[in-house]
């Protein structure tokens with residue numbers, strides 16, 4: 042079915058504008074794709090005749106020009122805060138997932154690197170030191186097999202982690218917003234009331250819940266104290282779910298055996314240097330600090346572009362959009 | 042059933058003698074456990090009335106005292122070279138496995154650390170550099186999902202690796218000594234004639250075959266050249282299966298994207314320092330060097346002691362031994 046007029050998609054995002062060519066290839070001749078970033082006057086001009094927009098949010102100054110938008114494509118999976126006023130009224134906002142695969146890969150890697158003492162052993166051997174070698178009577182390390190994984194949050198990411206952890210012979214327990222029927226890949230799935238049960242058995246605590254009023258600061262000193270001695274914490278969601286100073290103190294006291302932190306309490310601007318916290322997590326040998334990169338893969342980009350283009354093509358054909366976060370029906 | 046006389050087990054090994062108490066606990070009152078290392082006169086005295094021995098091999102000077110042995114427990118899974126003359130004639134030699142779990146964990150960890158650029162990113166962030174961050178427009182990394190794992194060797198270790206790789210959405214192909222029916226967790230299982238097919242598609246080549254006349258030097262310059270550009274090699278078996286200089290040159294030329302080496306061309310004596318090769322693999326940023334430690338876990342030790350004690354208890358009851366490597370029937 043050939044459309045008589047081309048529709049315009051505007052991409053306004055540092056990560057997605059460079060892929061305009063791929064959007065164009067997948068959408069075909071029915072869509073004109075325009076991409077930019079930084080220049081708000083450019084954005085205001087382009088928005089006037091745009092049918093769809095890829096952006097994380099809009100500067101409020103550009104909202105009036107966005108009244109004709111048919112679809113707002115949020116290029117990620119985070120919760121969209123409707124009250125922040127960064128979205129044009131009346132326009133449905135849709136999101137896209139596909140981050141569960143790389144995030145689950147990251148979590149398994151960090152658990153494995155912890156039990157094997159990867160960093161210590163590779164750094165030692167670069168100095169010619171064979172500590173830990175089974176050939177010459179070294180101290181043995183641990184295995185994932187038989188250990189318990191505790192998941193705070195059990196959406197797509199939690200499920201992807203649990204499925205892989207099962208293949209390693211781990212136990213897996215999860216707590217999420219609402220009670221639910223336990224699923225095959227878990228030993229326990231509970232609501233918020235089961236958090237303390239989960240913490241008492243989790244050799245690995247993975248933060249995989251969204252940040253919201255219920256989860257902000259949910260893991261503090263008392264919660265960390267419930268974990269088994271030497272437990273390992275992995276945060277792939279949002280830093281603010283774990284209280285910054287309580288986490289740091291549990292790490293320097295040795296109560297926690299370590300942490301892998303991919304999300305941070307502060308971020309530098311693009312191109313700038315800086316640390317993710319005012320506390321020196323990056324100086325602790327038991328902590329693996331990574332630059333909010335766990336989901337940021339070539340596969341994620343390819344799948345998200347495909348997912349956004351499929352949603353747009355569906356809408357072009359008059360079908361229902363998928364993954365609608367805001368319906369646009371709350372126009373006052 | 043209570044035995045009237047206690048039988049004696051002698052343990053003569055740097056790694057297993059320290060666990061004499063655990064052997065004793067599992068074997069119970071029917072067995073006296075004696076452990077030592079280093080003092081050959083002690084060994085010769087103890088062997089005279091021993092019914093069973095845990096050791097990797099015997100010094101030939103102690104072989105005459107070992108004539109009364111009923112079982113020689115080799116505490117590992119390596120092939121036992123009967124012709125080397127380190128085992129008493131007429132005594133069955135049994136081995137024990139249980140290393141497949143930690144070795145598979147190691148292999149998955151190293152594949153994950155490679156695709157995510159773990160070392161580069163953690164070292165960079167310790168300097169405040171956010172290269173690779175999805176939050177600030179960094180360069181994306183890769184995923185395991187969809188990549189092809191090539192296994193040279195498909196015994197217990199290969200199967201444990203393939204099962205986990207499947208949970209990550211990888212393809213898995215394997216070549217082993219003899220042709221075989223393809224199994225569920227593989228896309229291809231072939232004999233030695235399929236090695237070139239395997240190499241052409243393996244993004245990850247894992248050496249998991251035993252060292253013997255067929256495998257020594259099997260992977261050289263020509264074989265490495267068949268791998269896809271940027272492939273990653275992991276050796277968890279024996280270094281000599283991969284030609285030392287050919288591997289080094291493929292790494293420095295960039296033809297290979299990297300390697301994880303846990304087994305080495307040379308080993309230091311216990312307590313000494315040294316490198317695993319005369320070539321400076323440890324100076325290459327694309328190579329993760331580990332001290333022959335992939336299998337050396339607390340879980341391995343626990344399971345191997347249990348496996349050896351179960352075999353001994355079976356023999357005490359007059360039942361057949363399991364995992365017999367040399368039957369003792371080749372006594373001349």
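Protein chains in written order, with this note's numbering: chain C, 42 to 373; chain B, 42 to 373.
Backbone N, C-alpha and C define an ideal beta-carbon position, used for all residues, glycine too.
Looking at residue j and residue i, is the spacing between their C-beta atoms short of 8 Å?
i: residue 202 of chain C; j: residue 243 of chain C; result: no
i: residue 334 of chain B; j: residue 298 of chain C; result: no
i: residue 216 of chain C; j: residue 185 of chain C; result: no
i: residue 177 of chain C; j: residue 105 of chain B; result: no
i: residue 258 of chain C; j: residue 226 of chain C; result: no
i: residue 348 of chain B; j: residue 141 of chain B; result: no
i: residue 77 of chain B; j: residue 58 of chain B; result: yes
i: residue 210 of chain C; j: residue 232 of chain C; result: no
i: residue 149 of chain C; j: residue 341 of chain B; result: no
i: residue 206 of chain B; j: residue 190 of chain B; result: yes
i: residue 270 of chain C; j: residue 286 of chain C; result: no
i: residue 51 of chain B; j: residue 87 of chain B; result: yes
i: residue 268 of chain C; j: residue 237 of chain C; result: no
i: residue 332 of chain C; j: residue 171 of chain B; result: yes
i: residue 85 of chain C; j: residue 103 of chain C; result: yes
i: residue 181 of chain B; j: residue 307 of chain C; result: no
i: residue 32 of chain B; j: residue 346 of chain B; result: The structure shown does not extend to residue 32 of chain B, since chain B is modelled only from 42 to 373, so the question has no answer here.
Looking at the secondary structure, which residues open and close the beta strand (DSSP E) in which residue i lies?
i: residue 380 of chain C; result: Nothing about residue 380 of chain C can be read from this structure; chain C reaches only from 42 to 373.
i: residue 207 of chain B; result: Segment 197-208 is the alpha helix (DSSP H) holding residue 207 of chain B; no beta strand (DSSP E) there.
i: residue 53 of chain B; result: 48-53
i: residue 257 of chain C; result: Unbroken run through residue 257 of chain C: none, as it is neither H nor E.
i: residue 73 of chain B; result: 72-77
i: residue 212 of chain C; result: 212-216
i: residue 301 of chain C; result: 297-302
i: residue 248 of chain C; result: 245-248
i: residue 231 of chain B; result: 229-231
i: residue 367 of chain C; result: 365-367
Alpha carbon to alpha carbon, how far is residue j from residue i? Give it in angstroms, no decimals.
i: residue 116 of chain C; j: residue 247 of chain C; result: 24 Å
i: residue 41 of chain C; j: residue 183 of chain B; result: Within the shown structure, residues of chain C are numbered from 42 to 373, placing residue 41 of chain C beyond reach of any answer.
i: residue 371 of chain B; j: residue 235 of chain B; result: Residue placement at residue 371 of chain B is flagged as unreliable, the pLDDT there being 47, under the threshold of 50; the coordinate-derived value follows with that caveat. Going by the C-alpha atoms only, they are around 35 Å apart.
i: residue 344 of chain C; j: residue 319 of chain B; result: 45 Å
i: residue 108 of chain B; j: residue 368 of chain B; result: 15 Å
i: residue 92 of chain C; j: residue 112 of chain C; result: 7 Å
i: residue 54 of chain C; j: residue 64 of chain C; result: 13 Å
i: residue 309 of chain C; j: residue 301 of chain C; result: 19 Å
i: residue 163 of chain B; j: residue 322 of chain C; result: 12 Å
i: residue 284 of chain B; j: residue 263 of chain B; result: 11 Å
i: residue 278 of chain B; j: residue 245 of chain B; result: 15 Å
i: residue 166 of chain B; j: residue 329 of chain C; result: 9 Å
i: residue 229 of chain C; j: residue 326 of chain C; result: 32 Å
i: residue 314 of chain B; j: residue 250 of chain B; result: 28 Å
i: residue 110 of chain B; j: residue 222 of chain B; result: 40 Å
i: residue 362 of chain B; j: residue 135 of chain B; result: 8 Å
i: residue 80 of chain B; j: residue 197 of chain B; result: 35 Å
i: residue 90 of chain C; j: residue 137 of chain C; result: 24 Å
i: residue 69 of chain C; j: residue 118 of chain C; result: 25 Å
i: residue 42 of chain B; j: residue 252 of chain B; result: Reliability of the predicted coordinates at residue 42 of chain B is poor, the pLDDT of 48 falling under 50, and no value is obtained from them.
i: residue 255 of chain B; j: residue 261 of chain B; result: 13 Å
i: residue 358 of chain B; j: residue 199 of chain B; result: 34 Å
i: residue 218 of chain B; j: residue 219 of chain C; result: 53 Å
i: residue 49 of chain C; j: residue 114 of chain C; result: 13 Å
First and last residue of the alpha helix (DSSP H) that includes residue i?
i: residue 345 of chain C; result: 339-357
i: residue 161 of chain B; result: 159-167
i: residue 17 of chain B; result: Given a span of 42 to 373 for chain B in the structure shown, any question on residue 17 of chain B remains unanswerable.
i: residue 21 of chain C; result: Only positions 42 to 373 of chain C appear in the structure, and residue 21 of chain C is not among them; the question remains open.
i: residue 242 of chain C; result: 236-242
i: residue 267 of chain B; result: 262-267
i: residue 81 of chain C; result: 81-88
Would you grab the beta carbon distance between residue i and residue j for me? Rounded to a whole angstrom, and I think it's under 8 Å.
i: residue 365 of chain C; j: residue 133 of chain C; result: 5 Å
i: residue 397 of chain C; j: residue 72 of chain B; result: This structure gives no information on residue 397 of chain C, because the portion of chain C shown stretches from 42 to 373.
i: residue 193 of chain B; j: residue 213 of chain B; result: Contact flag wrong, Cβ pair sits at about 12 Å.
i: residue 316 of chain B; j: residue 169 of chain C; result: 6 Å
i: residue 303 of chain B; j: residue 147 of chain B; result: 7 Å
Tell me whether residue i counts as near the ligand COA, meaning its Cβ is closer than 7 Å to at least one heavy atom of that ligand.
i: residue 204 of chain B; result: Annotation note on the ligand COA: not contained in the displayed structure, which lists no ligands.
- [ ] Decide if the segment 123-138 of chain C is in contact with the segment 94-107 of chain C; the criterion is three or more beta carbon pairs, one per stretch, under 8 Å apart.
- [x] By the Cβ criterion, the segment 123-138 of chain C is in contact with the segment 94-107 of chain C, since at least three pairs of Cβ atoms, one from each stretch, lie closer than 8 Å.
Open item on the list: Does the segment 291-306 of chain B come into contact with the segment 273-283 of chain B, if we say contact requires no fewer than three beta-carbon pairs (one atom in each stretch) closer than 8 Å?
Closed with: In this structure the segment 291-306 of chain B touches the segment 273-283 of chain B; the number of beta carbon pairs closer than 8 Å is three or more.
Open item on the list: Would you call the segment 57-77 of chain B in contact with the segment 339-358 of chain B, where contact means no fewer than 3 C-beta pairs closer than 8 Å?
Closed with: Note that the segment 57-77 of chain B touches the segment 339-358 of chain B; at least 3 beta-carbon pairs, one per stretch, sit closer than 8 Å.
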